[in-house]
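Please read the structure below before turning to the comments.
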Amino acid sequence: MAGALFAVFRTFIRKNTVLLTTAFAGAFAFELAFDITSNKVWDSWNQGRQWKDIKHRYMVKEEDDE
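Those letters in the sequence shown? Residues 29 to 94, per the numbering used here, in order.
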């Protein structure tokens with residue numbers, strides 16, 4: 029276990045630039061995953077009540093006069 033922690037330290041935390049790059053990349057990946065997941069949950073809870081689900085009822089197709 030200590031060897032694995034030391035390997036992580038040696039790989040990611042030893043240099044400040046690598047630590048910051050890893051932190052920013054991890055934060056970006058977490059934000060992306062969180063946004064996608066929360067949008068899917070929101071869409072499943074509100075299915076049939078959102079504009080994208082009911083706009084076909086209210087939009088009138090324009091007919092061509094030609």
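Every residue gets a Cβ at the ideal spot worked out from N, C-alpha and C, and that includes glycine.
Delimiting residues of the alpha helix (DSSP H) encompassing residue i
| i | result |
| --- | --- |
| E59 | N44 to W73 |
| F34 | A30 to V36 |
| R85 | W79 to Y86 |
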